Structures are given as C-alpha cells and as structure tokens.
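Chain order of the listed sequences is A and G.
Its first residue numbered 244, the first sequence is counted upward by one per residue in our numbering.
Its first residue numbered 794, the second sequence is counted upward by one per residue in our numbering.
Working notes, beginning with the structure itself.
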Amino acid sequence: GQQVMQIPQYQHVQEGEDFTTYCNSSTTLSNIQWYKQRPGGHPVFLIQLVKSGEVKKQKRLTFQFGEAKKNSSLHITATQTTDVGTYFCAGSEYGNKLVFGAGTILRVKS
Amino acid sequence: SAVISQKPSRDICQRGTSLTIQCQVDSQVTMMFWYRQQPGQSLTLIATANQGSEATYESGFVIDKFPISRPNLTFSTLTVSNMSPEDSSIYLCSVLPYSSGRYSTEEQFFGPGTRLTVL
Numbered sequence: 244g245q246q247v248m249q250i251p252q253y254q255h256v257q258e259g260e261d262f263t264t265y266c267n268s269s270t271t272l273s274n275i276q277w278y279k280q281r282p283g284g285h286p287v288f289l290i291q292l293v294k295s296g297e298v299k300k301q302k303r304l305t306f307q308f309g310e311a312k313k314n315s316s317l318h319i320t321a322t323q324t325t326d327v328g329t330y331f332c333a334g335s336e337y338g339n340k341l342v343f344g345a346g347t348i349l350r351v352k353s
Numbered sequence: 794s795a796v797i798s799q800k801p802s803r804d805i806c807q808r809g810t811s812l813t814i815q816c817q818v819d820s821q822v823t824m825m826f827w828y829r830q831q832p833g834q835s836l837t838l839i840a841t842a843n844q845g846s847e848a849t850y851e852s853g854f855v856i857d858k859f860p861i862s863r864p865n866l867t868f869s870t871l872t873v874s875n876m877s878p879e880d881s882s883i884y885l886c887s888v889l890p891y892s893s894g895r896y897s898t899e900e901q902f903f904g905p906g907t908r909l910t911v912l
C-alpha cells in the first residue's frame with residue numbers, strides 16, 4: 244500500500260536558523276498537504292500542493308512539490324520559537340484519503 | 794471552516810471495557826474520518842464514517858473492534874471495544890467541510906482529540 248516517509252524525525256535548531264523537512268511517497272500523489280501540530284494540540288492544516296513542481300510560500304514557509312509528484316519539502320527561513328511543533332506531510336493518491344508521514348519534531352532554542 | 798468538538802477529552806479505562814467517543818461538528822460536512830495517534834507517533838486512519846451506511850475501514854482495523862456510527866451530517870461516534878493497554882492512544886476525528894457552495898477537497902479540520910489510557 245501507499246507509504247509516506249518523512250525525514251528527519253527530529254530537528255533542534257537555534258532561533259534564526261533555517262529548517263527543512265522532506266517527504267517522500269512510494270507512489271505518485273494527486274496532492275500533498277502539510278499540517279502543523281503544536282505540543283498537546285491537534286493537527287492544523289497549512290497548505291495543499293497539487294501541481295507538479297509547484298512552489299507555494301506563506302511568509303517564512305516555503306513548500307515544494309516534486310516534478311514527479313512523489314516528494315515534497317517544507318522549508319522555514321529564520322525559525323522563531325513560535326515555529327515549535329511537529330510538521331506532518333500527508334499524501335493522497337486519489338479521493339480524500341490521506342496517508343500521513345511520521346512527522347518531524349522541530350525544537351527551537353532561543 | 795468547521796468547529797469540531799469531541800467528548801470525552803480524556804478518559805482512563807479498565808481493560809476489557811468499551812468507550813464511545815463522540816464527534817460533533819458545527820456545520821454539515823461531507824466526510825468524517827477517525828484517526829488514531831499513538832504517543833509521539835503519526836496519525837493512522839482507522840475508518841471513514843459514511844452517513845447512512847457502514848463505515849469504510851482501513852487495513853488492520855475491523856468493525857467489531859471499532860464500531861462507528863454516523864446518524865447525520867454533523868455527528869459521529871467511534872467505540873473502542875474490549876480495550877487493552879495497546880489501545881491507549883489519542884483518537885481524533887476530522888472532517889471535510891461544505892463551504893462556499895461546494896464540498897471542500899482540501900484541508901481536513903481536526904477535532905481536539907480524545908486521550909485514552911487503558912490500564
């Protein structure tokens with residue numbers, strides 16, 4: 244079945260440093276979504292990517308979808324303490340069923 | 794958007810008992826899902842709750858263990874039956890809302906979750 248791998252598992256950065264998490268699917272995706280889960284909270288939708296090679300930006304966050312629609316990345320520029328949490332990618336082959344990656348835990352040292 | 798509430802928010806249960814978790818949405822939604830998130834782990838889809846018909850279960854999850862009801866477009870329940878310590882987890886419902894005259898195919902909105910501990 245469809246599998247979504249995500250690395251790294253953990254990332255500790257100094258405040259102001261950049262952060263990147265990578266997501267790779269075993270199958271071609273129709274779309275990929277990114278969610279953020281704060282400690283003790285529930286996942287909150289960040290963005291959806293649909294097109295091959297798509298790049299979207301939200302302030303300091305940059306999301307990319309690979310040309311083959313099998314991989315994606317989330318890059319945060321100049322991290323802040325408010326960026327702390329777990330970032331999940333979630334891929335969909337078809338329909339609305341999402342398969343979540345394992346998540347990357349981001350810790351920011353001030 | 795959609796505002797989702799879950800009850801209970803947390804519970805501690807004895808082995809062999811059952812717990813029913815409720816998910817209530819403030820608007821009609823097309824699709825509702827139930828996920829499990831074990832401590833420090835990712836989200837695993839248990840099933841899609843279908844209004845007026847039997848839920849669609851993912852591999853590894855069966856109706857006898859996780860019966861689901863969805864009597865209308867705003868409400869669903871998940872029962873964790875004959876619990877064991879391995880069922881200790883956070884259970885989350887999520888929805889795809891109906892918005893702006895069409896059903897969203899994008900973001901899923903998640904409820905706050907139910908933290909279950911089985912002793």
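Cβ coordinates follow ideal geometry from the N, Cα and C atoms, glycine included.
No experiment lies behind these values; they were computed from the predicted model shown.
> If you run the structure through DSSP and keep just helix, strand and coil, what is T382 (chain A)?
Replying inline: The displayed coordinates of chain A run from 244 to 353. Any statement about residue 382 (chain A) would go beyond what the structure contains.
>> So P832 (chain G) contacts chain A; which residues on that side make the cut at Cβ distance below 8 Å?
In response: Translated into the one-based positions of the second sequence, residue 832 (chain G) becomes position 39. Here the premise fails: no neighbours, minimum Cβ distance about 12 Å.
> Which residue from G:I805, G:V911, G:F826 puts its Cα closest to that of P878 (chain G)?
Replying inline: For the purposes of this step, residue 878 (chain G) is taken as the residue at position 85 of the second sequence. Comparing Cα positions, the closest option is G:V911.
> Should T271 (chain A) be labelled buried (16 or more other beta-carbon atoms within 10 Å of its own) or exposed?
Replying inline: Residue 271 (chain A) sits at position 28 when you count from the first residue of the first sequence. With fewer than 16 Cβ atoms within 10 Å of its Cβ, T271 (chain A) is classed as exposed.
> R808 (chain G) lies in the beta strand (DSSP E); which residues open and close that run?
Replying inline: The residue given as residue 808 (chain G) occupies position 15 in the second sequence. Counting along the chain, R808 (chain G) falls outside any beta strand (DSSP E), and DSSP gives it neither H nor E.
> Does DSSP put P905 (chain G) in a helix, in a strand, or in coil?
Replying inline: Numbered from 1 along the second sequence, position 112 holds the residue referred to as residue 905 (chain G). Correct three-state label for P905 (chain G): coil.
> Any beta-carbon of chain A closer than 8 Å to the one on S802 (chain G)?
Replying inline: In the second sequence, counting from the first residue as 1, residue 802 (chain G) sits at position 9. No, no contact with chain A.
>> Within 8 Å of any Cβ in chain G, is that where the Cβ of Q356 (chain A) sits?
In response: Residue numbering for chain A in the displayed model covers 244 to 353; residue 356 (chain A) lies beyond these limits and cannot be assessed.
>> So that I know if they touch, is there some Cβ in chain G lying closer than 8 Å to that of Q301 (chain A)?
In response: If you number the first sequence from 1, residue 301 (chain A) lands on position 58. No - not a single Cβ of chain G is within 8 Å of the one on Q301 (chain A).
> If you measure from the beta carbon of Q901 (chain G) to each beta carbon in chain A, is any gap under 8 Å?
Replying inline: Walking along the second sequence from the start, residue 901 (chain G) turns up at place 108. Output row for Q901 (chain G): interface = yes.
>> Please list, in chain order, the chain A residues whose beta carbon lies closer than 9 Å to that of G904 (chain G).
In response: Residue 904 (chain G) sits at position 111 when you count from the first residue of the second sequence. Correct list: H285.
> Is the distance from the Cβ of S335 (chain A) to the Cβ of N274 (chain A) below 8 Å?
Replying inline: Looking up residue 335 (chain A) in the first sequence gives position 92. Looking up residue 274 (chain A) in the first sequence gives position 31. The answer is yes: Cβ separation under 8 Å.
>> By DSSP's criteria, R863 (chain G) is part of a beta bridge. Which residues make up the other side?
In response: On the second sequence, residue 863 (chain G) is found 70 positions in, with the first residue counted as 1. Among the bridge pairs identified by DSSP, R863 (chain G) is matched with none.
> If R350 (chain A) and A321 (chain A) are in contact, beta carbons under 8 Å, what's the gap, nearest whole angstrom?
Replying inline: Sequence index remark: in the first sequence, residue 350 (chain A) carries index 107 (1-based). Sequence index remark: in the first sequence, residue 321 (chain A) carries index 78 (1-based). Between R350 (chain A) and A321 (chain A), the beta carbon gap of about 16 Å keeps them out of contact (Cβ cut-off 8 Å).
> Is the segment 814-826 of chain G touching the segment 869-877 of chain G in the sense that three or more CB pairs, one from each, lie closer than 8 Å?
Replying inline: For the pair of segments examined, the segment 869-877 of chain G was found to touch the segment 814-826 of chain G: the number of CB pairs separated by less than 8 Å reaches three.
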